[in-house]
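The structure under discussion appears below in the form of structure tokens.
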Amino acid sequence: MNSNIKVGSATLGPIATNCYFVFNDRSAEENVNTDEPIPCIFFDPADMGEMIYEKLKEKNIKIELILLTHGHFDHMAGADELRRLSGAPIWCWEKEADVCQDPDVNLSYDFIGKSITIKPDKYLKDNEIIEAAGLKLRLIGTPGHTVGSCCYSFDDNKVLISGDTLFEGSVGRTDFPGGSSSTLVKSVKEKLFGLPDDTIVYPGHGAVTTIGDEKLYNPFVR
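The numbering used here applies: residue 918 is where the sequence shown begins, and numbers increase by one.
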């Protein structure tokens, strides 16, 4: 598993959320001369679930699993539609259940004037290993942005999907329900900064960075 993973991305929704789809390059090579679709894991479908489904289908990519880094509307507004079309289940950290299902906490009503909720098919535990789409990754619980915000680490490939926990030169906001700046900084320092410095970080907003760069230059976690 995880011989050579590829990370694709799209920026969607009213707050320019980075959505990612990850697949095993070995699977792509094996399927290049067949009609078999390439399985992937999709992270944080921010909006336009039907468009996501159709665009990936055009590329012969099949979504096998949908993972959420947290339950704010701008990271899951397209998830229900994507689940319906793809048949892929939605999983997230168990501590995020209330955020997913409460429109006041997930900010959907405040920001876009309508209630959006999501009910994941499965709740995961901290450090739980996930195996899907020919990939192996680990959930890292990183509370602070929300009560149950998390990241996903492809440890063997030094790739991190960080959601709104860690950005290039910044961190996620903590002034929303369930947020805590001290908890967020602790999550980054104790959980994420233990990863190798050359780990590539794919954040929920903004540019790609590395763990090493954030250790050196991020003013919010020094």
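Beta carbons: idealized from backbone N, C-alpha and C, even for Gly.
Since residue 1016 contacts residue 1065 with CB under 8 Å, what's their CB separation in whole angstroms?
Locating residue 1016 in the sequence shown gives position 99, where the first residue counts as 1. Locating residue 1065 in the sequence shown gives position 148, where the first residue counts as 1. Going by Cβ atoms, the distance from residue 1016 to residue 1065 rounds to 6 Å, so yes, they are a contact pair.
For residue 1056 and residue 1067, believed in contact at Cβ under 8 Å, the rounded distance
Within the sequence shown, residue 1067 is the residue found at index 150, counting from 1. Within the sequence shown, residue 1056 is the residue found at index 139, counting from 1. Right, their Cβ atoms sit about 5 Å apart.
For residue 927 versus residue 1122, is the C-beta spacing smaller than 8 Å?
On the sequence shown, residue 927 is found 10 positions in, with the first residue counted as 1. On the sequence shown, residue 1122 is found 205 positions in, with the first residue counted as 1. Cβ atoms of residue 927 and residue 1122: not closer than 8 Å.
Can you give me the start and stop residues for the beta strand (DSSP E) that residue 1001 sits inside?
Taking the first residue of the sequence shown as 1, we reach residue 1001 at position 84. No beta strand (DSSP E) holds residue 1001; the alpha helix (DSSP H) holding it covers 996-1003.
Looking at residue 1115 and residue 1075, is the spacing between their C-beta atoms short of 8 Å?
One-based indexing of the sequence shown puts residue 1075 at position 158. One-based indexing of the sequence shown puts residue 1115 at position 198. Their beta carbons are under 8 Å apart, which means residue 1075 touches residue 1115 by this criterion.
State the Cα-Cα distance for the pair residue 1069 and residue 1078, rounded to the nearest angstrom.
Position 152 of the sequence shown holds residue 1069. Position 161 of the sequence shown holds residue 1078. Computed Cα separation, rounded: 5 Å.
Who are residue 1094's beta bridge partners in DSSP?
As a first step, residue 1094 must be located in the sequence shown, where it is residue number 177. For residue 1094, which the question treats as bridged, DSSP gives no partner whatsoever.
Can you tell me whether residue 953 is buried or exposed? The criterion is at least 16 other CB atoms within 10 Å of its CB, across all chains shown.
Reading the sequence shown from its first residue, position 36 is the one you call residue 953. Residue 953 should be labelled exposed.
Which residue from 1105, 1073, 1062, 1111 puts its Cα closest to that of residue 1096?
Within the sequence shown, residue 1096 is the residue found at index 179, counting from 1. Considering only alpha carbons, the answer is 1062.
Please report the Cβ distance between residue 921 and residue 943, rounded to the nearest whole angstrom; I am assuming they are in contact, meaning their Cβ atoms lie under 8 Å.
Working through the sequence shown from its first residue, we reach residue 921 at position 4. Working through the sequence shown from its first residue, we reach residue 943 at position 26. At roughly 6 Å, the Cβ-Cβ gap stays under 8 Å, so residue 921 and residue 943 are in contact.
What is the rounded straight-line gap between the Cα of residue 1080 and the Cα of residue 1059?
Position 163 of the sequence shown holds residue 1080. Position 142 of the sequence shown holds residue 1059. C-alpha separation (whole angstroms): 10 Å.
In three-state DSSP terms, what is residue 1127?
One-based indexing of the sequence shown puts residue 1127 at position 210. Strand at residue 1127.
Tell me whether residue 1133 is buried or exposed, calling it buried when 16 or more other Cβ atoms sit within 10 Å of its Cβ.
As a working note, residue 1133 is residue 216 in the sequence shown. Burial call: exposed.
Enumerate, from N- to C-terminal direction, the unbroken beta strand (DSSP E) stretches of 3 or more residues contained entirely within the segment 1063-1092.
1067-1071, 1076-1080
Using a Cβ-Cβ cutoff of less than 8 Å, which residues in the same chain neighbour residue 1011 once the five nearest sequence positions on both sides are dropped?
Working through the sequence shown from its first residue, we reach residue 1011 at position 94. So the qualifying residues of the chain are 1040, 1041, 1042, 1065.
Answer yes if the segment 1018-1034 comes into contact with the segment 961-981, meaning at least three C-beta pairs across the two stretches below 8 Å, and no otherwise.
no
Residue environment, residue 1125, which counts as buried when at least 16 other CB atoms sit within 10 Å
Residue numbering aside, residue 1125 sits at position 208 when the sequence shown is read from its first letter. It counts as exposed.
Reduced DSSP category for residue 1055 - H, G, I as helix; E, B as strand; rest coil:
On the sequence shown, residue 1055 is found 138 positions in, with the first residue counted as 1. Correct three-state label for residue 1055: strand.
DSSP on residue 1013, reduced to helix/strand/coil?
Mapped onto the sequence shown, residue 1013 falls at position 96. Helix, per DSSP.
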